[in-house]
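Asker: Chains as they are written, first to last, in our numbering: chain A, 826 to 1056; chain B, 826 to 1056.
C-beta: ideal position from N, C-alpha, C; glycine also.
Note that this is a predicted model, so its numbers are computed, not measured.
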DNA sequence: ATTCATCTTGACGACTTCTTGAACCTTTTC
DNA sequence: GAAAAGGTTCAAGAAGTCGTCAAGATGAAT
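Put into structure tokens, the structure is as follows:
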């Protein structure tokens, strides 16, 4: 086993801070840098770092949004590093999917200790966030869906449904679970939402399935929900 | 799906703090308390909490030592809650195996957010209850039933019956118990429901058993109920 | 203001599942 | 062996669920 050095992606728009973090961590880790949210998302996909240090105040996409988008396809540990000390910021970031929240200024020792803790937990080897079966390919990291090599254009809602199905491929997801993860936990009233889900699944099938009346991928589990077939 | 409430072990020698944490968290979680390190270690073993909130300043064993001893056998998330704000304490605790370090005083919102984050991370190793015998396989987590490797399609009612039987595999379930857990405790009138149960069991057997007239899996206990054979 | 894509709602037919009654089988009891 | 009790199977209507189409509502972009 080649002990490759672990990689940390540092995301901050201020150059001095990136330099500081780089200097603090480069002894033990390989450092990658990104100055904007877009850069961060791109780097996460192409470089697959082992930990991401993320500033909240980015010029383009807010750090919270970056966290959410990352969490759509990966469990890479995210440690927020921010000047914002208010509790609501911390809560929002942690609930968006961040693993830890560190307020500037902080000690280098604490930072590296928290990075070590995050790495220790994440030791599970992660499988590629890609679903493939027959002529359908879903790449969650790139937000790409290919049918017979052709890109399929999905609406946001359709993609969300497909993403949740892929993230639990093989398992049955109940109507409620799907509705919750797509429209939020508030609106789970009943038949109306179920119907909405059915319409969207129908549209999704029309785009993905060769024969929508006999689905190979998204199968209905009558009275329960839907399942993305793995085999 | 049995939605058991998640359990948090609160370890602190000061009663007021335990009470405060208990009050803050008891809405969402079941709280267990320990006042000493010994108590904490014993409770962790006997009660298997899902998260441990640990104060460093305990009267008998130091919190750091408690963390190390816990880490000898478990990966239960440990969140240190301490008045000690110096960096070296944080580093030592995190390197001892703690997942997070929160300095008193802190907001309840941040605490619960960090608890949620810890739970989310730890939720991965899901133990999947699977029943297998001969050529029948029931995977409750995936809601999958395989007969000779072939997926069997069950109606919601049929699956419910099978699920209850699997959850009590080997034990005899009375008609009443089965009816209660499938149609609710209200309608347990009498012969009508018993008959309904029989019809559904019959349909279930037709799908699962190789020879429905001589059942190998779901056996009838005359005058009592049904039983799922384990061996 | 207009356009466009998307979301949402309603209507309806096709299909699945539930429930019930009747007939048939099996075991126990007298 | 006949009767009774309990259990199983079949079939058919009732009830409910699902998929699809299409029209209206929403909201962002021009």
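CA-CA distance, residue 838 of chain A and residue 1052 of chain A?
Answerer: In the first chain, residue 838 of chain A corresponds to position 13, counting from 1. In the first chain, residue 1052 of chain A corresponds to position 227, counting from 1. Rounded to the nearest angstrom, the two C-alpha atoms are 42 Å apart.
Asker: What number of angstroms, rounded off, separates the C-alpha of residue 928 of chain A from the C-alpha of residue 878 of chain A?
Answerer: One-based indexing of the first chain puts residue 928 of chain A at position 103. One-based indexing of the first chain puts residue 878 of chain A at position 53. Straight-line Cα distance between these residues: approximately 12 Å.
Asker: Show which residues of chain B have a CB atom less than 7 Å away from the CB atom of residue 1033 of chain A.
Answerer: Along the first chain, read from residue 1 onward, the residue named residue 1033 of chain A stands at position 208. Going along chain B, no residue has its Cβ under 7 Å from residue 1033 of chain A, so there is no contact; the nearest lies around 20 Å.
Asker: Find the residues of chain A that neighbour residue 915 of chain B, judging by a C-beta separation of less than 9 Å, and give them in chain order.
Answerer: Your numbering for residue 915 of chain B matches position 90 in the second chain. Chain A residues near residue 915 of chain B: 932, 934, 935, 938 and 939.
Asker: With a threshold of 6 Å on Cβ separation, who are the neighbours of residue 971 of chain B within its own chain once the five nearest residues in sequence on each side are excluded?
Answerer: Residue numbering aside, residue 971 of chain B sits at position 146 when the second chain is read from its first letter. Answer for residue 971 of chain B: 962, listed in chain order.
Asker: Do you know how far the Cα of residue 923 of chain B is from the Cα of residue 892 of chain B?
Answerer: Within the second chain, the letter at position 67 stands for residue 892 of chain B. Within the second chain, the letter at position 98 stands for residue 923 of chain B. Roughly 7 Å between the two C-alpha positions.
Asker: What does residue 1042 of chain A pair with, by DSSP beta-bridge criteria?
Answerer: On the first chain, position 217 is the one that residue 1042 of chain A refers to. For residue 1042 of chain A, which the question treats as bridged, DSSP gives no partner whatsoever.
Asker: Which residues of chain A have a Cβ atom closer than 7 Å to the Cβ of residue 920 of chain B, listed in chain order?
Answerer: Numbered from 1 along the second chain, position 95 holds the residue referred to as residue 920 of chain B. Those within 7 Å of residue 920 of chain B in chain A are 938 and 941.
Asker: Could you round the C-beta distance between residue 840 of chain B and residue 995 of chain A to whole angstroms and report it? I think they count as a contact, below 8 Å.
Answerer: For the purposes of this step, residue 840 of chain B is taken as the residue at position 15 of the second chain. For the purposes of this step, residue 995 of chain A is taken as the residue at position 170 of the first chain. Not confirmed; about 48 Å, so no contact.
Asker: Excluding five sequence neighbours on each side, which residues of the same chain lie with their C-beta closer than 7 Å to the C-beta of residue 1026 of chain B?
Answerer: Translated into positions along the second chain, residue 1026 of chain B becomes position 201. 986, 1043 and 1051, listed in sequence order.
Asker: What separation, rounded to the nearest whole angstrom, lies between the Cα atoms of residue 980 of chain B and residue 1048 of chain A?
Answerer: The residue you call residue 980 of chain B lines up with position 155 of the second chain. The residue you call residue 1048 of chain A lines up with position 223 of the first chain. So the two alpha carbons sit approximately 7 Å from each other.
Asker: Please go through the same chain and pick out, in chain order, the residues whose beta-carbon is closer than 7 Å to the beta-carbon of residue 954 of chain A, but skip the five residues on each side of it.
Answerer: If you number the first chain from 1, residue 954 of chain A lands on position 129. Cβ neighbours of residue 954 of chain A beyond the five flanking positions: 898, 899, 965 and 966.
Asker: Consider the Cβ of residue 1047 of chain A: report whether some Cβ of chain B lies at a distance smaller than 8 Å.
Answerer: As a first step, residue 1047 of chain A is located in the first chain; it is residue number 222 there, counting from the start. By this cut-off, residue 1047 of chain A is an interface position.
Asker: Output yes or no for whether 8 Å exceeds the beta carbon distance between residue 919 of chain A and residue 942 of chain B.
Answerer: Against the first chain, residue 919 of chain A aligns to sequence position 94. Against the second chain, residue 942 of chain B aligns to sequence position 117. Yes. Within cutoff.
Asker: Put residue 992 of chain A into one of helix, strand or coil per three-state DSSP.
Answerer: On the first chain, position 167 is the one that residue 992 of chain A refers to. Reduced to three states, the DSSP call for residue 992 of chain A is helix.
Asker: Cα-Cα, which of A:860, A:874, A:861 and A:858 is closest to residue 831 of chain A?
Answerer: Here residue 831 of chain A is taken as the residue at index 6 of the first chain, counted from 1. Out of A:860, A:874, A:861 and A:858, A:874 has the C-alpha closest to the C-alpha of residue 831 of chain A.
Asker: Taking 8 Å as the threshold (C-beta atoms), are residue 991 of chain A and residue 944 of chain A in contact?
Answerer: Position 119 of the first chain holds residue 944 of chain A. Position 166 of the first chain holds residue 991 of chain A. In this structure, residue 991 of chain A does not lie closer than 8 Å to residue 944 of chain A by Cβ.
Asker: Mind reading off the beta-carbon distance from residue 881 of chain A to residue 909 of chain A? Whole number of angstroms is fine, and I expect it under 8 Å.
Answerer: By 1-based counting over the first chain, the position of residue 881 of chain A is 56. By 1-based counting over the first chain, the position of residue 909 of chain A is 84. With a Cβ gap of about 6 Å, residue 881 of chain A and residue 909 of chain A count as contacting.
Asker: In three-state terms, what does DSSP make of residue 861 of chain A?
Answerer: Taking the first chain and counting its residues from 1, one reaches residue 861 of chain A at position 36. Three-state DSSP puts residue 861 of chain A in coil, outside helix and strand.
Asker: Check the Cβ of residue 887 of chain B against every Cβ in chain A and list those closer than 9 Å, keeping chain order.
Answerer: On the second chain, residue 887 of chain B is found 62 positions in, with the first residue counted as 1. The contacting residues do not exist; residue 887 of chain B stays about 18 Å from chain A at best.
Asker: Please list the partners that residue 924 of chain B has in chain A, where partner means a Cβ-to-Cβ separation under 7 Å.
Answerer: As a first step, residue 924 of chain B must be located in the second chain, where it is residue number 99. 942 and 946, listed in chain order.
Asker: Report the rounded CA-to-CA distance for residue 916 of chain A versus residue 933 of chain B, giving the unit in angstroms.
Answerer: Here residue 916 of chain A is taken as the residue at index 91 of the first chain, counted from 1. Here residue 933 of chain B is taken as the residue at index 108 of the second chain, counted from 1. Those two C-alpha atoms are separated by around 10 Å.
Asker: Strictly below 8 Å CB to CB, what residues from chain A border residue 981 of chain B?
Answerer: For the purposes of this step, residue 981 of chain B is taken as residue 156 along the second chain, with counting starting at 1. The answer, in chain order, is 1047, 1048 and 1049.
Asker: Would you kindly work out how many angstroms separate the C-alpha atoms of residue 976 of chain A and residue 969 of chain A, rounded to a whole number?
Answerer: As a first step, residue 976 of chain A must be located in the first chain, where it is residue number 151. As a first step, residue 969 of chain A must be located in the first chain, where it is residue number 144. So the two alpha carbons sit approximately 7 Å from each other.
Asker: Output needed in chain order: residues of the region 991-1005 of chain A with a Cβ under 7 Å from some Cβ in chain B.
Answerer: Answer in chain order: 995, 996 and 997.
Asker: State the DSSP-derived secondary structure class of residue 871 of chain B, mapped to helix, strand or coil.
Answerer: To locate residue 871 of chain B, count along the second chain from 1; it is residue 46. Three-state DSSP puts residue 871 of chain B in a helix.
Asker: I'd like to know whether the C-beta atoms of residue 856 of chain B and residue 850 of chain B end up nearer to each other than 8 Å.
Answerer: Working through the second chain from its first residue, we reach residue 856 of chain B at position 31. Working through the second chain from its first residue, we reach residue 850 of chain B at position 25. For residue 856 of chain B and residue 850 of chain B, yes; Cβs fall inside 8 Å.
Asker: Taking the C-alpha atoms as reference points, what is the distance between residue 864 of chain B and residue 914 of chain B?
Answerer: As a first step, residue 864 of chain B must be located in the second chain, where it is residue number 39. As a first step, residue 914 of chain B must be located in the second chain, where it is residue number 89. Computed Cα separation, rounded: 23 Å.
Asker: For the beta strand (DSSP E) containing residue 832 of chain A, list its first residue and its last residue.
Answerer: Working through the first chain from its first residue, we reach residue 832 of chain A at position 7. Segment 832-836, the beta strand (DSSP E) holding residue 832 of chain A.
Asker: Whose CA, out of B:869, B:1031 and B:960, lies closest to the CA of residue 1056 of chain B?
Answerer: The count along the second chain starts at 1 and reaches residue 1056 of chain B at position 231. Ranking the options by Cα distance to residue 1056 of chain B, first place goes to B:960.
Asker: Consult DSSP for residue 883 of chain B and reduce its assignment to one of helix, strand or coil.
Answerer: Taking the first residue of the second chain as position 1, residue 883 of chain B is located at position 58. Coil at residue 883 of chain B, not helix or strand.
Asker: Out of A:946, A:936 and A:894, which one is the CA nearest neighbour of residue 921 of chain A?
Answerer: Within the first chain, numbered from 1, the residue matching residue 921 of chain A stands at position 96. Nearest option by C-alpha distance: A:894.
Asker: In terms of DSSP beta bridges, what is residue 917 of chain B paired with?
Answerer: The residue given as residue 917 of chain B occupies position 92 in the second chain. According to DSSP, which records beta bridges pairwise, residue 917 of chain B is partnered with nothing at all.
Asker: For residue 860 of chain B, which residues from the same chain have a beta carbon less than 6 Å from its beta carbon, with the 5 sequence-adjacent residues on both sides left out?
Answerer: Residue mapping note: residue 860 of chain B aligns to position 35 of the second chain, counting from 1. Excluding positions up to five away in sequence, the list reads 838.
Asker: Residue 912 of chain A versus chain B: which residues are under 7 Å apart at the beta carbon?
Answerer: Working through the first chain from its first residue, we reach residue 912 of chain A at position 87. Here the neighbours are 932, 934 and 935.
Asker: So which residues of chain A does residue 966 of chain B contact, with C-beta pairs closer than 9 Å?
Answerer: Working through the second chain from its first residue, we reach residue 966 of chain B at position 141. Simply 996.
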